[in-house]
């Protein structure tokens, strides 16, 4: 009986392993996804300019932006500029390191470290950014701070 039970257990586990999907492999991005990722990466790099108007060129006129999940959204390009200018009054510098990016159609997400310098002290902040790109501009963006 033990040999039969062992045979059935091992055989069942082996059969289940054959039926399970293989490890996920990243698929190639299509041309639209590549363009969306390029836009988001250039936007992230532009934060080092400390220029709200420059950052606004990446945004759609009717964008909705949440600089953190705890804030209400800023709606429209002008509201975005005002929110970023207010942020820049409180901090000296922002540098963004994109660690990993995923794209599916108009949706781009990135895993980042945002280095925020305030009063001479540089602090790393883990962030997951979610962007919706429409017509070559960022239409929606929310950052989620990763607190560990």
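Residue numbers (the numbering used here): -15 to 132.
From the three backbone atoms N, C-alpha and C, an ideal C-beta is built for every residue, glycine too.
Compare the Cα-Cα distances from residue i to each of the options and report the closest residue.
{"i": "residue 10", "options": "126, 86, 113, 36", "result": "86"}
{"i": "residue 50", "options": "102, 81, 123", "result": "123"}
{"i": "residue 103", "options": "79, 74, 114, 96", "result": "74"}
{"i": "residue 134", "options": "34, 22, 112, 117", "result": "Because the chain is modelled from -15 through 132, residue 134 falls outside the range shown and cannot be assessed."}
{"i": "residue 110", "options": "117, 118, 94", "result": "94"}
{"i": "residue 117", "options": "105, 91, 127", "result": "91"}
{"i": "residue 63", "options": "37, 127, 79, 128", "result": "37"}
{"i": "residue 23", "options": "128, 127, 119", "result": "119"}
{"i": "residue 83", "options": "16, 28, 18, 45", "result": "28"}
{"i": "residue 105", "options": "61, 79, 121", "result": "79"}
Between residue i and residue j, what straight-line distance do the alpha-carbon atoms span, to the nearest angstrom?
{"i": "residue 43", "j": "residue 130", "result": "24 Å"}
{"i": "residue 138", "j": "residue 98", "result": "Only positions -15 to 132 of the chain appear in this structure, which leaves residue 138 out of reach."}
{"i": "residue 14", "j": "residue 100", "result": "33 Å"}
{"i": "residue 125", "j": "residue 39", "result": "13 Å"}
{"i": "residue 26", "j": "residue 32", "result": "11 Å"}
{"i": "residue 77", "j": "residue 30", "result": "12 Å"}
{"i": "residue 108", "j": "residue 72", "result": "17 Å"}
{"i": "residue 48", "j": "residue 56", "result": "10 Å"}
{"i": "residue 52", "j": "residue 18", "result": "25 Å"}
{"i": "residue 20", "j": "residue 46", "result": "18 Å"}
{"i": "residue 66", "j": "residue 41", "result": "14 Å"}
Report buried or exposed for residue i, applying the criterion of at least 16 other Cβ atoms within 10 angstroms of its Cβ.
{"i": "residue 88", "result": "exposed"}
{"i": "residue 113", "result": "buried"}
{"i": "residue 12", "result": "exposed"}
{"i": "residue 58", "result": "buried"}
{"i": "residue 16", "result": "exposed"}
Going by DSSP, what residues sit across from residue i in a beta bridge?
{"i": "residue 86", "result": "93"}
{"i": "residue 108", "result": "99"}
{"i": "residue 156", "result": "In the structure displayed, the chain extends from -15 to 132; residue 156 sits before or after that span and is not available."}
Does the beta carbon of residue i fall short of 7 Å from some heavy atom of the ligand ATP?
{"i": "residue 37", "result": "Judged by which ligands are present, the structure shown has none, so any question about the ligand ATP falls away."}
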